[in-house]
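In this text, residue positions in the sequence shown follow the numbering used here: the first is 908, and each later residue adds one.
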Amino acid sequence: MIRVICSSNQIIYYAYHLVKAFYPDREVTSEVNPCQKTPVRLEGEVVLDRVDGERSLYETLRNLTGQDLPWGMLTGVRPTKLASGWLREHPEVQQQSGMEEFSEWFGRERFVSREKAELAYRIAWKERELSPADFRSRKYLPGWSLYIGIPFCPSICSYCSFSSGAIGKYRDRVDPYLDALFNEMRQKKEGFGIPSTVYIGGGTPTSLETQQLKRLLDEADSVFGIAEGLACGVIREYTVEAGRPDSITRDKLEILRQHGVTRISINPQSMQPKTLQAIGRSHSVEQVREAFRMAREMGFDNINMDLIMGLPGETNEDVRDTLRQIREMGPDSLTVHSLAIKRSSAMGIAKKLSRREESGQPADLQEGDGPSDISRMIRDAYDCAGEMGMEPYYLYRQKSIAGNFENIGYARPGKEGLYNILIIEELQSIIGCGAGSSTKIVSEEEIPNPARNGQMTHMIRSENVKNIEEYILRFGG
Ligand code: SF4
């Protein structure tokens, strides 16, 4: 175990996550000791008596481990925001010639590797291209986007930390949930016009029965004027995360078509049957192909697929085979995640128990290959996306992500998910409805934050309860 002891709350979050990034397999705890003279100290398996600040902590750990982290001292989830901010501060910079200057700056200031700096730079330019014209000069955009969360799935994946419920278990709670959701949608609508983008996610929205899915889309339309917004071009994108192939039927896809949905996801995560079984996904590889074929046949021309690198027991060869199968299907965009094991997921709990018992992990919950192999997988996915004519257009990182890597969204030109850019860059207010959803209000002008005694801020964030029963109690009736 490694104990991180900080003199104040200000640095503790950063110090904890940086130590965890250097020592991903160790248990790390953190605490504040206001009497401590030095900002950070480490005790336990790693001892450091005195570290003066964030840069010094990174440099000390780097020297100690002989290891550079690809994202350097950055522990945040949105490294591309820094690249976008840099571009705003350097309006004179040309796309090609600015890369060298930016990479040099990112490496010097934050120790970010050249490869990651160039990736962040390319994505920041791509985001500029795709966002409304005034993005160049503005940090926040007018208008707002809508998120609706459906917290049910056909079965629960072992790495899931979204508090989603297995639909079989919650069958009789779905209608009360929808009633509560509709109440919340009506309440939140007050004061807002038509959204810029709509994203229905979860969970798996298509795990609803066909009639329930129709009720949901009808209600969203009537409350937020979606049909009108799509017709007049105010709504630029309408996504429904179909997600799990075992929830997709022709009837449900037909409902999505009738409501003007412009973009869907069909997410295999892997095309290896043994992996799907090991992670608790109750669908087959054939179901992925069938759902994709059906959606194409029905005219969906913007289909995203999600993959995860570093899944239990997967080899580089397995991933290459998955990528080959994805290429054969030919989705319009591809989101490549690196496995993140949150403490609340089944895998996270198993990992913690196994560490305590010092007896190794159960065979079906072992993590995948080591970071160096995941790095190879990520490169293969990058190459595969390129071969499909896609470019990276958004990127984010998660805590507990395998090997300190990142998640990257790739798309063919014109098939990018605008909502993804808006939420990752925190460019526009997002109103979230549903259990576990969060609402973020962003503003060019400073606004008082009620959660922080009226302190002035550019962004106010609030979160809904995650528990489905509590959510129904709060918004139902
Ligand atoms: S499909 Fe997504 S939300 Fe549903 S259980 Fe799996 S990881 Fe969780």
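Idealized CB from N, CA, C, for every residue including glycine.
Cutoff 6 Å; reference residue i; Cβ partners in own chain excluding five residues on either side
i, result
"G951", "M908, I909 and R910"
"L1329", "S1052 and Q1335"
"S1154", "P1061, T1111, T1113 and S1114"
"Y1301", "G1316, N1327, I1328 and I1331"
"V1147", "I1107, P1112, L1163, V1168 and I1171"
"G1324", "none"
"I1354", "none"
"I1367", "I1348 and N1356"
"R1231", "none"
"A1031", "T987, A990, S991 and L994"
"T1182", "L1218 and E1221"
"R1263", "Confidence in R1263 is poor, its pLDDT being 44 and thus under 50, which makes the residue's placement unreliable; the coordinate value appears in the next sentence. Excluding residues within five positions, none has a Cβ falling inside 6 Å."
"R1188", "C1064"
"S1071", "P1058, C1060 and G1110"
"A1027", "P986, T987 and A990"
Other residues of its chain near residue i: CB distance less than 8 Å, five sequence neighbours each side excluded
i, result
"V1372", "A1342, G1343, Y1378 and R1381"
"E1376", "R1080"
"V1130", "F1089, M1092, R1093 and K1096"
"T1104", "S1052, L1053, I1142, R1143, E1144, Y1145, T1146, L1325, Y1326 and L1329"
"S915", "V939, P941 and P946"
"Q943", "I912, C913 and S914"
Local Cβ density within 10 Å of residue i, reported as buried at 16 or more and exposed below that
i, result
"R1200", "exposed"
"A1318", "buried"
"V954", "exposed"
"N1174", "buried"
"P1180", "exposed"
"P1102", "buried"
"S1245", "buried"
"S1279", "Residue confidence for S1279 is low, a pLDDT of 44 falling below 50, so the modelled location carries little weight; the figure read from the coordinates is stated next. Classification for S1279: exposed."
"M1205", "exposed"
"R1151", "buried"
"Y923", "buried"
"Q1194", "buried"
"E1224", "exposed"
"Y920", "exposed"
"E1034", "buried"
"E1008", "exposed"
"R948", "buried"
"R1286", "exposed"
"T936", "exposed"
"F1099", "exposed"
"R1304", "buried"
Chain D contact for residue i (CB, 8 Å cutoff)
i, result
"S1172", "Considering every chain present, this structure includes no chain D. It has just one protein chain."
Cross-strand partners of residue i (DSSP beta bridge)
i, result
"H1244", "I1215"
"I1171", "V1147 and I1210"
"C1139", "C1139 is not bridged to any residue."
"C1291", "Its beta-bridge partners do not exist; DSSP assigns none."
"W993", "Per DSSP, none; premise fails for W993."
"E851", "This structure cannot speak to residue 851, because the chain is shown only from 908 to 1384."
"G1072", "F1059"
"W978", "In the DSSP output, where bridge partners are listed per residue, W978 has none listed."
"V953", "Answer by DSSP bridge pairing: none, since V953 is not bridged."
"W1051", "S1336"
"E1370", "S1345"
"M1363", "P1355"
"L1037", "According to DSSP, which records beta bridges pairwise, L1037 is partnered with nothing at all."
"E1298", "A1318"
"R948", "I912"
Cβ-based neighbour list, residue i, same chain, cut-off 7 Å, excluding 5 preceding and 5 following
i, result
"G1277", "In this predicted model, G1277 has a pLDDT of only 44, less than 50, meaning its place in the structure is not dependable enough to derive any value."
"R1234", "C1291, E1294 and M1295"
"R1029", "P1299"
"Q1273", "In this predicted model, Q1273 has a pLDDT of only 42, less than 50, meaning its place in the structure is not dependable; the value taken from the coordinates is given anyway. Cβ neighbours of Q1273 beyond the five flanking positions: P1219 and G1220."
"E1370", "S1345"
"A1202", "L1160, I1171, I1173 and I1210"
"T1229", "S1177, M1178, Q1179 and L1214"
"L1085", "Q1119, R1122 and L1123"
"S1157", "Reading off the sequence, residue 1157 comes out as Arg, not Ser. These residues qualify, in order along the chain: M1201."
"H891", "Nothing about residue 891 can be read from this structure; the chain reaches only from 908 to 1384."
"R1017", "G979, M980 and L981"
**Message:** Quick check: the region 1114-1130 against the region 1083-1090, are at least 3 beta-carbon pairs closer than 8 Å?
**Reply:** yes
**Message:** Whether or not the region 1277-1292 and the region 1126-1146 are in contact is what I'm after, with contact meaning three or more pairs of Cβ atoms, one per stretch, closer than 8 Å; do they touch?
**Reply:** no
**Asked** Quick check: the region 1066-1081 against the region 1348-1364, are there 3 or more CB pairs under 8 Å?
**Response** no
**Prompt:** Can you find at least 3 beta carbon pairs, one from the region 1203-1217 and one from the region 1227-1245, that sit closer than 8 Å?
**Reply:** Flag = yes, the region 1203-1217 and the region 1227-1245 touch.
**At least three beta-carbon pairs within less than 8 Å, the region 984-1001 to the region 957-976** = The answer is no - the region 957-976 does not touch the region 984-1001, with fewer than three Cβ pairs under 8 Å.
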